[in-house]
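Using our numbering, read the sequence shown as starting at 231 and increasing by one per residue. Each remark here refers to the structure printed beneath this line.
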Amino acid sequence: MRNFLITGGAGFIGSNYVTFLLEHYPDCRVVVYDKLTYAGNLNNLLAHKNDTRYAFVKGDICDSAAVRETLVAHQIDTIVNFAAETHVDRSLSDAGSFVNTDVYGTFVLLEAARELKLERYHQISTDEVYGEILTGSSNEEYPIQTRSPYSASKAGADLMVLAYFTSFGLPVTITRGSNNIGPYQYPEKVVPLFITNAIDDKPLPIYGDGLQMRDYQYVGDHCEGIDLVLRQGELGQVYNLGTGSETRNIDMANLILDLLGKPKTLLQYITDRPGHDRRYALDVRKINALGWHSRHDFAAALEATVRWYRENEWWWREIKSGAYYQAYYHTHYSGREVAAPNPAH
Ligand code: NAD
Ligand code: TYD
């Protein structure tokens, strides 16, 4: 594994993983292949612009000719697929683009990897494929019980990856990560949205009762886990990656306000997301046994994330002031305000 194709490498986690690779493996070569949708951003990769080990190719993972051409031109031996439509709320209004990129795009990559006999294919997946976990936690054998078009598309991709292992012996691995936070996350996802709104004294829109739970992990820890699975994971296997502990959305929002010294009056309850998964919780014993534990607990991860957004306003102000973002925000959030469900919050 020396010549990497990082699909979706201009997005949040992908760009962090590109940095991880270039910092840890002096002999590697990294080609980012990315369509540059609204979520892709070359500012995430600015630090590598002049690194001779790095190249950028603008392309769609659904375009099989362009994928093959890139694999051959750069003598790629390993694909790590981060490319996806990733926001649950958008999947409720535009499911087709999720099926296209997340399912069909993954198939295109697998087919190219098979034909060109690549050394390795790694799929970046999500804890959302297990559906909502009301009690206990999901290990890697837990049934796939998806509930949103996003998670259903990601599950379709996972099943196709495993089918290519079983049917064709393609050397694959899958990691299913919990919610990531950290540098370069597009401010539609809850944590960067709340931090940047709070900095600007704007309301933090809390869906429903705010008691939904997520396992928020630091993106750098996630990248270390992905890399460990790539190097030491067993082929054909799935590995969960998360901290193994969950936080309620309302507690996360309150902590952000505390870290920024902002008033609780910024909390604004709004109507819930349809089909909102109440809780995700991962059993991470399999990856722990391979030697990985997340380094940051939730408080440390959130503190580092808040610091990054405070120190890098140039990055998110350009996004949030753009017409595309403003239109999305207006369409998605306006007119949804409701009273707080319980004053005790
Ligand atoms: P993101 O939305 O920040 O970035 C996605 C990237 O993929 C963007 O750069 C975009 O331009 C690119 N892309 C989209 N469609 C493409 C296409 N058809 N062809 C080529 N490139 C395309 O996403 P992220 O949060 O960095 O997530 C990366 C991966 O990790 C996704 O597969 C996601 O499902 C998974 N994941 C994310 C989280 C999370 O908390 N963000 C948690 C677990 C798993
Ligand atoms: P999100 O970042 O969209 O990730 P997920 O894919 O896990 O849904 O949302 C994380 C949690 O935050 C989820 O329970 C929904 C909630 N949320 C809000 O309360 N308000 C918001 O504006 C957003 C975007 C999410």
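Glycine included, every Cβ here is placed at the ideal spot set by N, Cα and C. Please read all numbers here as calculations on a predicted model, not as lab measurements.
Quick one: Cα of residue i to Cα of residue j, how far?
| i | j | result |
| --- | --- | --- |
| residue 426 | residue 313 | 25 Å |
| residue 375 | residue 563 | 28 Å |
| residue 393 | residue 492 | 50 Å |
| residue 389 | residue 431 | 44 Å |
| residue 489 | residue 537 | 9 Å |
| residue 283 | residue 234 | 10 Å |
| residue 487 | residue 477 | 15 Å |
| residue 277 | residue 406 | 28 Å |
| residue 481 | residue 296 | 45 Å |
| residue 402 | residue 519 | 20 Å |
| residue 399 | residue 306 | 19 Å |
| residue 439 | residue 550 | 26 Å |
| residue 349 | residue 500 | 48 Å |
| residue 304 | residue 236 | 12 Å |
| residue 334 | residue 470 | 23 Å |
| residue 415 | residue 241 | 8 Å |
| residue 511 | residue 505 | 17 Å |
| residue 373 | residue 280 | 45 Å |
| residue 341 | residue 309 | 12 Å |
| residue 515 | residue 494 | 37 Å |
For the ligand TYD, is there any heavy atom lying closer than 7 Å to the beta carbon of residue i?
| i | result |
| --- | --- |
| residue 423 | yes |
| residue 494 | no |
| residue 436 | yes |
| residue 506 | yes |
| residue 384 | no |
| residue 319 | yes |
| residue 402 | no |
| residue 442 | yes |
| residue 298 | no |
Measuring only from the beta carbon, is residue i closer than 7 Å to any heavy atom that is part of the ligand NAD?
| i | result |
| --- | --- |
| residue 286 | no |
| residue 416 | yes |
| residue 552 | no |
| residue 237 | yes |
| residue 264 | yes |
| residue 267 | yes |
| residue 250 | no |
| residue 312 | yes |
What is the DSSP secondary structure of residue i, counted as helix, strand or coil?
| i | result |
| --- | --- |
| residue 317 | coil |
| residue 377 | coil |
| residue 575 | Low local confidence applies: a pLDDT of 49 at residue 575 is under 50, so the model's placement there is unreliable, with the coordinate-based value given in what follows. Coil, per DSSP. |
| residue 312 | coil |
| residue 326 | helix |
| residue 540 | helix |
| residue 555 | helix |
| residue 272 | helix |
| residue 492 | coil |
| residue 352 | strand |
| residue 345 | helix |
| residue 249 | helix |
| residue 570 | coil |
| residue 433 | coil |
| residue 231 | coil |
| residue 446 | coil |
| residue 372 | coil |
| residue 407 | strand |
| residue 285 | strand |
If I'm right that residue i touches residue j with Cβ under 8 Å, what's the distance once you round it to whole angstroms?
| i | j | result |
| --- | --- | --- |
| residue 576 | residue 361 | The requested residue 576 is not part of the displayed model; the chain covers only 231 to 575. |
| residue 261 | residue 300 | 7 Å |
| residue 497 | residue 411 | About 19 Å separates the two Cβ atoms, so there is no contact after all. |
| residue 292 | residue 359 | About 21 Å; that fails the 8 Å criterion. |
| residue 383 | residue 319 | With 8 Å as the limit, residue 383 and residue 319 do not qualify as a contact, their Cβ atoms being about 14 Å apart. |
| residue 321 | residue 378 | 6 Å |
| residue 576 | residue 268 | Since the first residue of the chain shown is 231 and the last is 575, residue 576 is not available in this structure. |
| residue 636 | residue 357 | Because the chain in this structure spans residues 231 to 575, residue 636 falls outside the shown range and cannot be described. |
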